[in-house]
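Protein sequence lines, in the order shown, are assigned to chains A and B. The numbering of the first sequence is this note's numbering, which starts it at 2 and goes up by one. The numbering of the second sequence is this note's numbering, which starts it at 2 and goes up by one. Glycine included, C-beta positions come from ideal geometry on N, C-alpha and C. Computed from a prediction, not measured in an experiment: that's the story for all the values here.
Protein chains: 2
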Amino acid sequence: MHVPGHKSGAVWHAGDSHDQEAGSAGALVDRLAGILPYDLTELPGLDDLHAPSGAIAEAETLAAACFGARETAFLVGGSTVGNLAAVLALVAPGDLVLVDRNAHKSIWHALQLAEARVVLLDTVVVDGVPFGPDPAQVIATMSAHPETKAVFLTRPTYYGTAIALKEIITHAQNLNIPVCVDEAHGAHYGLHAALPPSALALGADLVVQSTHKMLPALTMSAMLHMQGDRIPAARVRQLLRMLQSSSPSYPLLAGLDLARRYAATQAERDIAESLTLLNQTAEALGWALGADAFKWVITDPTGSRTGYELYETLQAAGFYPELADMRHVVLYHGLKVDAAILNKLVAVLSQMDVTLVAPRPESASPRTVAAAQVVTAFSRSQLAQPTRIVPVHEAVGERVAEMVIPYPPGVALLIPGERITAEVIATLAQLREAGAHVQGVADRTLRTIQIYD
Amino acid sequence: MHVPGHKSGAVWHAGDSHDQEAGSAGALVDRLAGILPYDLTELPGLDDLHAPSGAIAEAETLAAACFGARETAFLVGGSTVGNLAAVLALVAPGDLVLVDRNAHKSIWHALQLAEARVVLLDTVVVDGVPFGPDPAQVIATMSAHPETKAVFLTRPTYYGTAIALKEIITHAQNLNIPVCVDEAHGAHYGLHAALPPSALALGADLVVQSTHKMLPALTMSAMLHMQGDRIPAARVRQLLRMLQSSSPSYPLLAGLDLARRYAATQAERDIAESLTLLNQTAEALGWALGADAFKWVITDPTGSRTGYELYETLQAAGFYPELADMRHVVLYHGLKVDAAILNKLVAVLSQMDVTLVAPRPESASPRTVAAAQVVTAFSRSQLAQPTRIVPVHEAVGERVAEMVIPYPPGVALLIPGERITAEVIATLAQLREAGAHVQGVADRTLRTIQIYD
């Protein structure tokens, strides 16, 4: 006698007899119907995500212990809502923050809502693969701006690459500046000695992990971890209450608890077995894997095929990569790999004449140690500011009024308020020709762009 | 070779053999595993919720046609994210808006993030059941404040009660003020002639519906509908891109499309059959149902038992009501009722000596036609303002620093910045004694309260 309206599936199934379309959607109905008995609302005994005291509190405590946090909040709105809550809890209008250009769009959106002043940190790029900011530049910038309210970093990148977080965190702790790490792609870090340590283990104050990306939770579920005393945990919780649905999905919550159970009891063994198989597979191809052996960045050594073309070849062979960019295609292996599938992959990759890119940031060109400059002040009023649409070649020197995010990898090429350079216009032309998928822009063909009037 | 990490269930199932806990969670794993093949990410052919052009765009267009909107956006963050996006798209800092005190907490949260100035509209209460604001007061307030940027109304309430929306909308249209309706509990309205018309049919500019509450979608899925030219649809879409997960759940999206299919092809017949059965059931109890026959508000006519006590009696008999308050318990029937269950319900209710409350707003006491006063200006800086915790009896006259929302029904007793009156303190004492579930407050026992320092 309560919501949800599907009544554990009674409504869907009861109708099959007088629904002529049932056949086409029947399989999906059957699959979804299987979880409907768990698709409940806040009934007695089911606790309340927004004020957990029972089963959800217990599951969050187990997760905090498993991942090494003082406190963990389950997220049903993805890492997106974790990033939004972290920024809005830590940043008041006009506050200065340090942000890597490699940040996920949710960080930029949050900074706009929070009306932050942002120092943009350049991303170190090695062999065309982004790593995140140069630690020396982050440290120099923090020292130059001791009023910095927080540092927002992304680690690992979509490519499985990572920056040296430890030295940044040590320096930030000396300055009492909280370091927030978007570890969306690294929920498996620290679960086996051969993988990189987790950001929490390295001392990060707040860490957001997409539990569905590398651990076996349902898509859109994630966790926000906190430790230490530099994070106003109560305010973060308050923002999560404000931003997350008052009807959170119990299957997503249950999936988070199952993923934690997997991480706590089973992941280390699966990872060990998988690493053995992955290394054997890489050896068969003559490759040496990077620090995150589950992510393979592959390229055409001659440079004659784009990542999009490599993607199509793999797709035709039955493999759907995680992402393609101008030069690379990235494969994500699950934590429990399958030897037969890997054998098939070896056969396909051998035919493709490609190489593995396992760049190391230490091989980067001499480090920039100059502090980054304050680039932009975000403002909510930008949302209402008049804009106009112009052909891209007429936009040089103008301030862009939309986010331009080639996706994946989701690294912002332009953030609202930034001046458009000739270099950026050239990149847009390349992306257009390569058929890249670009988010944020009104004109997906990239022929026009929105600027402030 | 992509996320999600569950790899369609391979990771969960592969581990069963060396997981000693598998038995206890096995049933849940099996249920969730059933949807994992549909728990995908934005792969080719699966479209992109944040820039729909394929299957999702088609599903949204079908939904717009089904529910009578010009444009519909699928929501994976519940009505919560729809309300947040609507408010943030329409309201700039300092803008004046009219809001019913009966509004869902997501509206208050959004107003705080938007830094709105708010005219609080009182809720008409008949027989202890809230209806929403008196239309005459809404109209008088709009006329007194022609600078009003938007009106945010809730219809129906959690109790299935509703205000006369049509006259408010007509007046607002004359003043060119957009009317946004939180129709979270009324997604079934307009699907049968015997039900109230939908807010869209009555001319509302923006309507948010919780498709999972009365229609058979998955919990946390909802729709945002727009029509007319008073809503900046592109800005609403932009806010949704900012607030919703970049990894939206495909099962939730698929469930929305299935619920639309149900609404378009099957709901009218199910509702007709159910209304016959519900009316027969009500007659057997000597009751006449209200306008929304699927929601039964039940009370102890002697007033000796609280709604919470009635809830317990029903729960002991195997019926879980949707909500209980001090005086009532509310039962939600699904759109496809079951005759055997209704017979059992008659037996239980007959024993309980209760009556149905079917109040009509027309029977309310003489209407207040005075315009409501500007009560509070919301500010994001409130989130960072110093507060202290005091015993509730010492808080009279102070400005409250937290939201106090007895939940359900989720109607705000206090919103941040409001002065605490002796009357409110008395209500808090009643709620505490009755064991009500109150959200927003740090002290769930309601012995202390947070105030601005």
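- Ranked by Cα distance from G129/B, the first of V152/B, L121/B, P147/B and T162/B is T162/B.
- Uninterrupted alpha helix (DSSP H) stretches at least 4 residues long and entirely within the stretch 176-257 of chain A occur at 212-215 and 234-244, given in chain order.
- For the stretch 31-45 of chain B, the beta-carbon criterion of a distance under 9 Å to any beta-carbon of chain A is satisfied by D31, R32, L33, A34, G35, I36, L37, P38, Y39, D40, L41, T42, E43, L44 and P45.
- With contacts defined as CB atoms closer than 8 Å, A402/B and D258/B fail to qualify as a contacting pair.
- DSSP, read as helix, strand or coil, puts Q281/A in helix.
- Scanning its chain for C-beta atoms nearer than 6 Å, with the 5 sequence neighbours on each side dropped, one finds around V100/A the residues V119 and F153, in chain order.
- Between T171/A and F132/A, the C-beta spacing is not below 8 Å.
- Assignment of E168/B by DSSP, reduced to helix, strand and coil, places it in the helix class.
- At a cut-off of 4 residues, the continuous stretches assigned as alpha helix (DSSP H) that sit fully inside the stretch 296-375 of chain A are 308-317 and 340-353.
- A contact is defined here as three or more CB-CB pairs under 8 Å, and the stretch 84-91 of chain A meets this definition with respect to the stretch 229-237 of chain A.
- Chain-order list of chain B residues neighbouring E323/A: M2, H3 and V4, by C-beta distance under 8 Å.
- Look at Q138/B here: in three-state DSSP terms it is helix.
- Under a criterion of Cβ atoms nearer than 9 Å, no residue of chain A is adjacent to F68/B; the nearest Cβ is some 15 Å distant.
- Annotation for T73/B: no alpha helix (DSSP H) segment contains it, though the beta strand (DSSP E) segment containing it runs E72 to L76.
- V4/A is not bridged by DSSP to any residue.
- Taking all protein chains in view, the Cβ of G55/B is surrounded by fewer than 16 other Cβ atoms within 10 Å, so the residue is classified as exposed.
- Distance from the CA atom of V330/A to the CA atom of D123/B, rounded to whole angstroms, is 58 Å.
- Under the DSSP assignment, G133/B falls in the beta strand (DSSP E) whose first and last residues are V130 to G133.
- L414/A is not a Cβ neighbour of I426/A, given a cutoff of 8 Å.
- Cβ-Cβ distances below 6 Å link D206/A to P179, V180, G229, R231 and I232 in the same chain, with the five nearest sequence neighbours on each side left out; the list follows chain order.
- Using a Cβ-Cβ cut-off of 8 Å, K150/B does not count as an interface residue toward chain A, since no Cβ of chain A sits closer than that to its own.
- Note on P417/A: 16 or more other CB atoms within 10 angstroms of its CB, so buried under the neighbour-count rule.
- Here H394/A is exposed. Its C-beta has fewer than 16 other C-beta atoms within 10 Å.
- In the DSSP secondary-structure assignment, D101/A is bridged to L122/A.
- The Cβ of H110/B sits closer than 8 Å to at least one Cβ of chain A.
- For P53/B, not one C-beta of chain A is nearer than 8 Å to its own C-beta.
- Following the DSSP letters along the chain, one finds R389/B inside the beta strand (DSSP E) bounded by residues T388 to P392.
- For Q431/B, the enclosing alpha helix (DSSP H) has its first and last residue at A423 to A435.
- Within the stretch 227-248 of chain A, contact with chain B at the beta-carbon level (separation under 9 Å) is assigned to P233, A235, R236, Q239, L240, R242, M243, L244, Q245, S246, S247 and S248.
- At a cut-off of 8 Å between beta carbons, S144/B makes no contact with chain A.
- Nearest neighbour of M215/A by Cα position, chosen from A64/A, K337/A and H438/A, turns out to be K337/A.
- D96/A and T149/A have their C-alpha atoms roughly 7 Å apart.
- Look at G335/B: its C-beta is under 8 Å from a C-beta on chain A.
- Residue pairing by DSSP places I452/A opposite R389/A and V401/A in a beta bridge.
- Only those residues of the stretch 299-321 of chain A whose C-beta falls short of 8 Å from the nearest C-beta of chain B are listed: L315, Q316, F320 and Y321.
- Ranking D354/A, L201/A, K106/A and V349/A by CA distance to the CA of V439/A puts K106/A first.
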